[in-house]
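Below is one structure, written out as structure tokens; the observations come after it.
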Amino acid sequence: GVKVGHAGTLDPAADGVLPLALGQATRLIEYLADAPKGYRAVVRLGVATATDDAEGAVLAERLVPALSANDVERALDVFRGPIMQVPPMYSALHHEGKRLYELARAGEHVELAPRPVTIYRLQLVDFALQVEQPKIVLEVECSKGTYIRAIARDLGAALGCGAHLAALTRTFVGALTLEGAVTLAALEADAARLPTLLLPPESAVADWPALHLDEAQMAQVRNGRALRLAAPPADSERLRAHAPDGALLALLRRSGDEWRPDKVFLS
23 GVKVGHAGTL DPAADGVLPL ALGQATRLIE YLADAPKGYR AVVRLGVATA TDDAEGAVLA
83 ERLVPALSAN DVERALDVFR GPIMQVPPMY SALHHEGKRL YELARAGEHV ELAPRPVTIY
143 RLQLVDFALQ VEQPKIVLEV ECSKGTYIRA IARDLGAALG CGAHLAALTR TFVGALTLEG
203 AVTLAALEAD AARLPTLLLP PESAVADWPA LHLDEAQMAQ VRNGRALRLA APPADSERLR
263 AHAPDGALLA LLRRSGDEWR PDKVFLS
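So our numbering is basically just the index in the sequence shown, starting at one, shifted up by 22.
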């Protein structure tokens with residue numbers, strides 16, 4: 023059988039990019055799991071739920087105040103950059119050996135510690151407030167470990183009316199985008215197409231700087247030895263190293279003024 027892995031679980035009610043890796047490419051999954059992710063989120067104002075999404079029981083309904091785009095922008099500003107975020111109680115995180123959602127379903131409440139995450143971009147792209155179901159649409163680019171449901175919950179609290187995440191689409195994981203994705207339905211309808219849809223393993227790290235090795239460097243890397251580079255990239259801790267024929271040979275990590283092989287691909 024072929025080894026299969028995936029990067030970054032999606033909430034059951036969400037859709038969008040879920041990278042799958044086959045065979046040797048599963049060795050790259052950890053880098054995708056750590057990669058920045060993008061989302062398009064619909065936040066429903068005025069209704070707070072137990073799960074912070076549309077699946078959960080309604081905890082409170084409040085009137086949405088007369089908000090302007092500027093009011094929403096001011097509230098969003100608190101969530102930009104490095105922030106401390108309390109994860110949702112309904113999540114797959116562990117607490118004393120059990121998953122939080124198991125404790126939540128059993129009626130237990132745990133005081134959760136906030137965790138550091140980074141919001142690289144948070145943009146208000148649409149809002150409709152003078153309607154029966156007031157909502158705003160956000161585009162988010164964030165670090166690993168960010169809960170968009172928690173942003174919806176905390177934004178609702180900041181606006182004084184409560185909120186939950188009504189819909190979520192993941193638009194990218196690292197260099198892999200929604201435009202290049204294929205739906206499960208399309209795959210099931212025509213499984214024979216699968217081999218033509220597979221991307222080369224280096225697609226997973228296409229946003230890393232590339233280094234093309236000469237024969238001597240290639241031998242060093244194959245033997246697990248560190249390289250010293252004449253002109254290393256200034257702003258990256260990681261490189262993808264390619265053989266002269268263009269094949270991905272290794273992933274390198276900066277260690278002082280050397281670059282050490284993190285993963286080497288022999289085939």
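For every residue, glycine included, the Cβ atom is placed at its ideal position computed from N, Cα and C.
If you run the structure through DSSP and keep just helix, strand and coil, what is residue i?
| i | result |
| --- | --- |
| Tyr169 | coil |
| Tyr112 | coil |
| Thr73 | coil |
| Leu134 | coil |
| Ala79 | coil |
| Arg175 | helix |
| Arg155 | The amino acid occupying residue 155 in the given sequence is Gln; Arg does not appear at that position. Gln155 falls in the coil class under three-state DSSP. |
| Ala48 | Note that residue 48 is Thr in the sequence shown here, rather than Ala. Three-state result, Thr48: helix. |
| Glu224 | helix |
| Glu210 | helix |
Which first and last residues belong to the alpha helix (DSSP H) in which residue i is found?
| i | result |
| --- | --- |
| Ala126 | 122-127 |
| Ala238 | 237-244 |
| Val94 | 91-99 |
| Asp284 | Counting along the chain, Asp284 falls outside any alpha helix (DSSP H), though it belongs to the beta strand (DSSP E) covering 280-286. |
| Glu52 | 51-56 |
| Thr218 | 216-219 |
| Leu200 | Per DSSP, Leu200 belongs to no alpha helix (DSSP H) and is neither H nor E. |
Closest to residue i by CA distance: which of the options is it?
| i | options | result |
| --- | --- | --- |
| Glu133 | Ile51, Tyr112, Gly268 | Tyr112 |
| Ala29 | Ala55, Ala47, Val86, His131 | Ala55 |
| Leu177 | Ala269, Gln239, Val69, Pro223 | Val69 |
| Ser225 | Glu237, Val26, Ala214, Arg262 | Arg262 |
| Ala97 | Lys157, Gly182, Glu154, Ala126 | Gly182 |
| Ala47 | Pro156, Val94, Gly27, Gly38 | Gly27 |
| Gly278 | Ala248, Asp267, Pro266, Lys285 | Ala248 |
| Pro87 | Val153, Ala135, Phe194 | Val153 |
| Glu77 | Leu89, Pro266, Arg66 | Arg66 |
| Ala150 | Ser90, Thr193, His117 | Ser90 |
Leaving out the 5 sequence neighbours to the left and right, which residues in its chain are closer than 6 Å to residue i when beta-carbon positions are compared?
| i | result |
| --- | --- |
| Val147 | Val159, Glu161 |
| Leu219 | Val204 |
Got a sec? Which residues, its chain only, sit under 8 Å from residue i by beta carbon, not counting five neighbours each side?
| i | result |
| --- | --- |
| Ile105 | Pro138, Val139, Thr140, Ile141 |
Within the same chain, show all residues whose beta-carbon is closer than 7 Å to that of residue i, passing over the 5 residues directly before and after it, in chain order.
| i | result |
| --- | --- |
| Ala228 | Ala197 |
| Leu270 | Pro223, Glu224, Arg262, His264, Phe287 |
| Arg102 | Ile141, Leu144 |
Looking at the secondary structure, which residues open and close the beta strand (DSSP E) in which residue i lies?
| i | result |
| --- | --- |
| Val145 | According to the sequence displayed, residue 145 carries Gln and not Val. Gln145 -> beta strand (DSSP E) spans 137-150. |
Would you call the region 66-79 and the region 178-194 in contact, with 3 or more CB pairs under 8 Å?
-> In short, these stretches touch, since the Cβ pair count reaches three.
Is it a yes or a no for the region 199-215 touching the region 246-265, going by three-plus beta-carbon pairs under 8 Å?
-> With a cut-off of 8 Å, the region 246-265 and the region 199-215 do not count as touching, because too few Cβ pairs lie within range.
Are the region 58-68 and the region 149-159 touching by the rule of at least three beta carbon pairs closer than 8 Å?
-> Yes: at least three Cβ pairs fall under 8 Å.
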